[in-house]
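Here's the structure, in C-alpha cells; my notes come after.
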Amino acid sequence: MSIAKRILSRRAFNALAGAAFVAAMMPATSFAQDVTIPIIVKDTTSFYWQIVLAGGARARKLGVNVPELGAQSEADINGQITILENAVASAPAAVVIAPTEFKALGKPVDEAAKSVPVIGIDSGADSKAFTSFLTTDNVQGGRIAADGLAAAIKEATGKEEGEIAIITSLPGVGSLDQRREGFLDQIKTKYPGLKVVADKYADGQATTGLNIMTDLITANPNLVGVFASNLIMAQGVGQAIAENKLGDKIKVIGFDSDEKTVGFLKEGVLAGLVVQDPYRMGYDGVKTALAVSKGEKVEANVDTGANLVTKANMSEPKIDALLNPKVN
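Read in order, the letters of the sequence shown correspond to residues -32 to -1, 1 to 296 in mature numbering (1 follows the signal peptide of the UniProt record, and there is no 0).
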C-alpha cells in the first residue's frame, strides 16, 4: 500500500465532522496520557498536512494525547478559528497551530494565548503571542524555487531568459506570500533575463490552478517557466502541463510533494519541487509545546529547512527521506 493511502486510511476518522471533534477534545483523563496538546492544521484532507499530523502523532510516545484537528479546506478560515476556540475551551496544556491566514488568525491566536501557550508551525499570523514558531524560511524557499526554475530553463534552452509566471494558491497566507516575495526578489536581482508576465492568485483548489495554467498557455505562447507555490497549485499546474504535453517547453517548479507531484517529477512534467520537512514540523511542534507546558525554555524561532528536489537527486537518502517520511 502506498504512503499516501496508508496515511489516508489511518486518518479517515479525522476527516469526519461532528463526533470526530467531540471525541478528540474529550478531557485528558479519558486517555492513558496525562497531557493533552491538540495540533491544528489547515486541511486534514491534504497529504502535506497529514504528514504534519503524523509527525505530531509520533509525540504520543512522549506521553502526550494529541488530538488531530483542522478544517477540510485551506480556504475555510472561519472553520479553523472555531476549531482553535473549541480546542482552547477544553483547557489543554498547550496548542500547536498552522494558521490558515495571516491577518484573520491574528486576534484568535492572541485570545488563545491568554489561556494556553500557543506554538505556531508552517505559517505565521498577525500575532506576537506565539511562545515558539517552527517553520520553513519561506522567503528562502521562494529563492530556492527561483534558482531551480532558472537552472531548468537554462538546461532546456541554453540561457536564463524568457517569460515566466507565478501562481499562488491563496492571497493573504503568510507562508505563500513569503514564498512569492522570495521568488520575485530572486528573479529580479539574479535573473534579469527572466520576465514575469503573469502573477496569479487562485482559490486553494487544484482545479483552479489547472484552469489558470491552461489560460496562461493560451495567452502566453512564449512562456518558458512557472512557479506553483504550494502542493495544490503544483497538482493543478502539473495536470495542465501533462494534458498539453508541454513538459519539455514549460518548466515548472512546485512546492511540497505527494504521490501525484512526485509522479509528475519522474515523468518530466515538473522540473522540480521545493520540499519542506512537514513531519519534523508536526513532531517538533508538539515536542516544543510539551516542553513549554513543563516550564522549560524553548527557542522563539526554528527553521525546519527546505530542499530542491529534481529527477536527478530524488533518490539520494536525504531527499528520499523527505519524499517518503516514516509515518509509523
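C-beta atoms are modelled at their ideal positions from N, C-alpha and C, and glycine is treated no differently.
Where Ala196 is concerned, the enclosing beta strand (DSSP E) starts and stops at Leu191 to Ala196. Taking a cut-off of 8 angstroms for Cβ pairs, the stretch 249 to 260 and the stretch 97 to 117 touch, as three or more such pairs fall below it. Asn54 and Asp271 have their C-alpha atoms spaced approximately 29 angstroms apart. Residue pairing for Gly222: DSSP places it in a beta bridge opposite Leu241. When the alpha-carbon of Thr50 is set against those of Leu178, Leu144 and Pro76, the nearest one is in Pro76. Put simply, the backbone Cα of Ala114 is about 17 angstroms away from that of Lys217.
DSSP places Lys163 in the uninterrupted beta strand (DSSP E) bounded by Leu162 to Tyr169.
By the Cβ neighbour-count rule, Ala174 is buried, with 16 or more other Cβ atoms within 10 Å of its own. Within a 10 Å sphere around the beta-carbon of Ala274 sit 16 or more other beta-carbons, which makes this residue buried. Each of Ile89, Ala57, Val9 and Asp94 was checked against the Cα of Ala80, and the nearest Cα belongs to Ala57. Asn281 is bridged by DSSP to nothing; it lacks a bridge partner. In the DSSP assignment, Phe101 falls within the beta strand (DSSP E) that extends over Ser100 to Thr103. In this structure, the beta-carbon distance from Ser91 to Pro67 falls below 7 angstroms.
A residue is called buried when at least 16 other Cβ atoms come within 10 angstroms of its Cβ; Thr157 does not meet this threshold and is exposed. Taking 3 residues as the shortest admissible run, the stretch 39 to 68 contains the following complete beta strand (DSSP E) segments, listed from N- to C-terminal end: 63 to 65. Boundaries of the alpha helix (DSSP H) around Glu123: Asn106 to Thr125.
In terms of CA proximity to Asp167, Phe151 leads the group Phe151, Gly161 and Val86. The stretch 208 to 223 makes no contact with the stretch 263 to 270, as fewer than three CB pairs between them are under 8 angstroms. Sixteen is the threshold: when 16 or more other Cβ atoms of the shown chains lie within 10 Å of the Cβ of Lys10, as they do, the residue is buried. Counting the other CB atoms within 10 Å of its CB gives Ala133 a total of 16 or more, which places it among the buried residues. Looking at Tyr169, Phe195, Ala208 and Ser83, the one whose alpha-carbon comes closest to that of Asn179 is Ala208. Counting along the chain, the unbroken beta strand (DSSP E) around Asp271 starts and ends at Asn269 to Asp271. Two segments are said to touch when three or more pairs of C-beta atoms, one from each, lie closer than 8 angstroms; by this definition the stretch 179 to 188 does not touch the stretch 17 to 31.
The residues Gly206, Val220, Gly222 and Phe232, in chain order, have a CB closer than 6 angstroms to that of Leu238 in the same chain once the five nearest residues on each side in sequence are set aside. For Glu227, the enclosing alpha helix (DSSP H) has its first and last residue at Glu227 to Glu235. The three-state reading of DSSP puts Ile287 in helix, counting H, G and I together. Counting every other CB atom within 10 Å of its CB across the protein chains shown gives Gly126 a total below 16, marking it as exposed.
Taking C-beta atoms as the reference points, Leu291 and Gly240 fail to come closer than 7 angstroms.
In the same chain as Glu235, and ignoring 5 residues on each side of it, the C-beta atoms closer than 8 angstroms to its own belong to Ala210 and Gly215, in chain order. Ala124 and Val192 have their C-alpha atoms spaced approximately 9 angstroms apart. The secondary-structure analysis by DSSP pairs Asn275 across a beta bridge with Val243. In this structure Phe70 does not touch Asp44 by the C-beta definition: roughly 16 angstroms separates them, more than the 8 angstroms allowed.
DSSP, read as helix, strand or coil, puts Gly92 in coil.
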